[in-house]
Structures are given as structure tokens and as C-alpha cells.
Amino acid sequence: MKTRYRSFLAGVAVGGLAAAAARRYRTGKIRTAAWQNQFRPALDVLACPACRGTLEMNLMPGEPEYRCPRCQKVYPVVGGIPHFIQTEELTGWNKRFAGMYDIFSWGYRAFSKLAFAWIGMSEERARREITDRLAPNGGRVLEVSIGPGVNLPYLVNRRDVGEIYGLDISPGQLRRCRDYIAWHGWPVQLQLGNAEQLPYLDNTFAGVFHVGGINFFNDKRKAVEEMIRVARPGARILICDETERGAQVYERIFPMFKQATGGAAREPVRAPVELIPPEMANLQVFEVWKGWFYCIEFTKP
Ligand SMILES: C[S@@+](CC[C@H](N)C(=O)[O-])C[C@H]1O[C@@H](n2cnc3c(N)ncnc32)[C@H](O)[C@@H]1O
Ligand SMILES: [Zn+2]
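Quick note on this note's numbering: the sequence shown kicks off at 221 and runs consecutively.
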């Protein structure tokens, strides 16, 4: 009797697991199909990150690839995401953070909600404190370091926001972002790339923003120059990251973050305002999120 009862329970457990796996597989397929419908070649927006030339698309069996006729570099599309870097070739901070965010991507969205609850703000209010400052007048918007897409809900339904592009260095974060976008059916285009060598044509975006990564980029100056290069004249650019107060708390909560940054051994964090060229207009530096983050805002003349 006991043995029969046990086999019955085991049968129920195996059946349940098989049903869950089948559901997961089916949902994955639906999401991938949804994503593929949203993917746009965007040859009017993308550029070779190495030589900045316009790209062509090779239609391959399976997924397409981009090719640069000028320098002959080839960029594959993997799971609906064009890859403009090879993560094995990253170095320094960029390598450490790409790896760290790949691991952390599974919990990033939940962490973001908890972090805002802890500082006593709703995520919506906090995110809008930054995104509402963009004024793209119907033009394209780029988020550099989009992560799993936590700022998207506050952009996608805005009438003054045109097509949205998101770039990140972590394939794990971008896969989460892709599934999130496909789930909602949002027409957002994603690229795997490095903020220091953006894969976009000059003067393309009517709004460019970055939240949460620049403090520990290998080359902040290059990243700022790139955000300016791809912005259209008149575009507002926002660059935001933790203040020293924010960085210390991250380091206390996440040992991985401390390992990556060096903790007490590193230089104190501050807004890199000296990197903004003097010809930029309307420069402002201020704190958001109750002082946990700084923002640098300016307009490309
Ligand atoms: C703290 S998360 C911010 C995510 C999102 N923007 C937000 O507001 O929560 C920092 C992101 O920066 C990305 N990142 C780090 N170094 C980068 C680089 N050199 N180029 C592009 N993205 C980078 C990480 O992969 C990660 O997704
Ligand atoms: Zn090229």
C-alpha cells in the first residue's frame, strides 16, 4: 500500500515537472516568435562600431548578419539581438561588469523594486524623475546600458517618444530585456555593444540617456563622446549614476560589487562633469533619488 502511494506521489511530481517544462518551452517559443516579428534591420540607424561606416545585411539561413563594406567586419544576430562586441574580447572593468551583470540579470528587476522601496520611493516615481526630463519631440530615443529594460514602461507609451533603442554590454541582461519586450509587444530594438564604441550613425537620436553604469566604465570620456556623437543637434542627453553614498551601500550589500570595484581602495565616486565639452548647452548637475544618484544633463548644440 505504502509503495503504491509513493509511486503515485512520484508520478504526480514527475507529471507536474514535465508539464512545467513543456509550458516553459512553449512560452519561450512564443516569446522568441514575438521578438522576431519586432526585429527591424535598422540600417538607417546602425553603424559599424569600428569604422562608423553604414552597414549592409546578409540574409543567411537562420538569423541574418550585418556586414561593414568599408572594413569588412561581420556582426551576427543572435537570438534576435545584433552582437557588436565579442564578450571574450572585453577587458578591465567592462569585462568584470559584463560578467557580473550576466549572473545578476535573473534578479535585477526584483532588486530594483526592493532598492526603491528601501530608499522610500516608488519605482515609477524614481524612474520618471529621470525619464521625464527627456524631450525628444517624437524622435528616436537611445538608452545606453538598458539592462533588463526597467526604464521602458515610462517611455513606451509617451506620445513624444519615437522609436526606442537599447544597448548593453551584458548578453544576460539583454536576453531578459528581449523577453520582457516580446511579452509586452513593445517595438524596441536592442543591440549588444560597448558604450565606448556605439554601433549607431552620427546625429541619430533626439534623446540619449544612461543610468547606472558609467562610474565603472573603462573609459568614461569615450562613452560621453559617443553619446554626444550619436545625439542629434538639439537633443537632450542625461548621464546618471550612483553618488559615493549609493556606491558604498551597493558594496555593502553585494560582495561581488565590492570585488569588482575594489571597495575602500577605489577613488571616491563623483559626477564626471569635467568630461562634458564646453560647447554643450544648458549643462546642469543635480542629485536624484534622494541623493543616491547624480545626473548630468545637457543639450547638444
Ligand atoms: C546598474 S545597471 C543599470 C540598468 C538600467 N539602466 C537601470 O536604470 O536600472 C548597469 C548596466 O550597465 C551595463 N554596462 C556596464 N558596462 C557597460 C559598458 N561598457 N557598455 C554598455 N553597458 C555597460 C551593465 O551590463 C548593466 O546592465
Ligand atoms: Zn567597419
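Where is the CB? At the ideal position from N, CA and C, for every residue including glycine.
Note that the coordinates shown come from a computational prediction; the quantities given were computed from them, not determined experimentally.
- With fewer than 16 other Cβ atoms from the protein chains shown falling within 10 Å of its own Cβ, S342 counts as exposed.
- DSSP, read as helix, strand or coil, puts D322 in helix.
- Inclusion of E383 and R360 in the CB contact set at 7 Å is warranted, their separation being smaller than that value.
- Ranked by Cα distance from G358, the first of V364, A346, V381 is V381.
- Straight-line spacing of the CA atoms in G413 and S227 works out to 51 Å.
- In the DSSP assignment, T351 falls outside any beta strand (DSSP E) and lies within the alpha helix (DSSP H) extending over 343-351.
- The set of residues whose C-beta lies within less than 7 Å of a heavy atom of ligand 2 reads, in chain order, C268, A270, C271, G273, C288, R290, C291, K293.
- Per DSSP, E309 is not a residue of any alpha helix (DSSP H), being assigned neither H nor E.
- In the DSSP assignment, G386 forms a beta bridge with E363, L410.
- Around the beta-carbon of D422, fewer than 16 other beta-carbon atoms lie within 10 Å, marking it exposed.
- The beta carbon of D352 sits no closer than 6 Å to any heavy atom of ligand 1.
- Beta bridge pairing from DSSP links E507 with Y514.
- With contact defined as three or more Cβ pairs closer than 8 Å, the region 300-317 and the region 434-454 are in contact.
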